[in-house]
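Listed in order, the protein sequences are those of chains U and Z.
Note that the first sequence covers residues 1 to 112 in our numbering.
Note that the second sequence covers residues 1001 to 1115 in our numbering.
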Amino acid sequence: DVKVTQSSRYLVKRTGEKVFLECVQDMDHENMFWYRQDPGLGLRLIYFSYDVKMKEKGDIPEGYSVSREKKERFSLILESASTNQTSMYLCASSLSSAETQYFGPGTRLLVL
Amino acid sequence: GENVEQHPSTLSVQEGDSAVIKCTYSDSASNYFPWYKQELGKRPQLIIDIRSNVGEKKDQRIAVTLNKTAKHFSLHITETQPEDSAVYFCAASLSSSGSARQLTFGSGTQLTVLP
C-alpha cells in the first residue's frame, strides 16, 4: 500500500517568512510532484522531480523552489511567503514511467 | 502548454440517477486521461483512466469515453449513491520529462447525490 505523508496538515506563517513543506513516500517511487489546490482552479503543478537532485518547473513555479536530496523526500520551499500563497498544498508520487499519481493528505497553509 | 476545461463546476443528482462530467483538452498530442475523486477532507485518488488508443473504458458503475477528434472526454457514473458525492477532477497528460508524466488538471466538479 502506497503511503505518501506530508509534514504538517495545517500551517500558519507570517508574510516574509521562509516556509518548508516536506513530503515523504515509502514506495521507492522515482517521480514526485508538488501541486497547489485552490477553489475553482483545480490542482496546479508547481514543480516535479523524476530523480534525486533533478527538478523541473511546472505551470506555476514563481515564488517557490524545491529540493530532492533523497529519493523518498521532496521539499517545497517558499523563500518569502506572501498572502497569495495561502492555499492547500498537495504532494504526489508515481513509479517511473507509470501514470498513476498517489497523493499525500495535503497541507493547508495560511499566510498572514 | 496543455489546457483542460471541465464542466459543470457543480452537479446535483437524485440517488439512482446518472451523472456525466465533461472535459475538453487543447493539445492533440495528449494521450492519457485520468479521473481523480476527492472526498471531503481526503486526498485525491485515481478512479479510472483511459489512453488515446481506446474509445471507452468501464469499471462497474463508472465509465469514461474519449473522442480524440473533438478533443473531449467524459466521466459517466450510473446508479449514483450517496458515497459518490465528492469533487471529481479530470486530467490530461501531454509530455514527460525524464520518466515523469505531467498531468494538467481540470478545475473540478462538485457532485452531490441527493437521497
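From the three backbone atoms N, C-alpha and C, an ideal C-beta is built for every residue, glycine too.
(request) Could you tell me which of 74(U), 54(U), 69(U), 57(U) sits nearest to residue 7(U), measuring between CA atoms? (result) 74(U)
(request) Quick one: measure Cβ to Cβ for residue 1033(Z) and residue 1092(Z), integer angstroms, because I've assumed they're closer than 8 Å. (result) 6 Å
(message) With a threshold of 8 Å between beta carbons, is residue 85(U) in contact with chain Z?
(response) No, residue 85(U) lies away from the interface with chain Z (no Cβ there is under 8 Å from its Cβ).
(message) Would you say residue 79(U) lies against chain Z (beta-carbon separation less than 8 Å)?
(response) no
(request) Please go through the region 1051–1085 of chain Z and give each complete beta strand (DSSP E) segment of 3 or more residues, from N-terminal end onward. (result) 1056–1059, 1062–1067, 1072–1077
(message) Quick check on residue 1109(Z): does DSSP put it in helix, strand or coil?
(response) strand
(request) Kindly indicate the opening and closing residues of the beta strand (DSSP E) around residue 92(U). (result) 87–94
(message) My output table needs one value for residue 15(U): the three-state DSSP class, helix, strand or coil.
(response) coil
(request) Taking only beta carbons into account, state which residues of the region 88–106 of chain U come closer than 9 Å to chain Z, listed in chain order. (result) 90, 92, 94, 95, 96, 97, 98, 99, 100, 101, 102, 103, 104, 105, 106
(message) Once the 5 residues before and after residue 20(U) are set aside, which same chain residues still bring their CB inside 7 Å of it?
(response) 75, 77
(message) Residues in the same chain with beta-carbon distance under 6 Å from residue 23(U), minus the five sequence neighbours each way, listed in chain order, please.
(response) 6, 74, 91, 104
(message) Judging by CA-CA distance, which residue of 81(U), 53(U), 58(U) is the nearest neighbour of residue 68(U)?
(response) 53(U)
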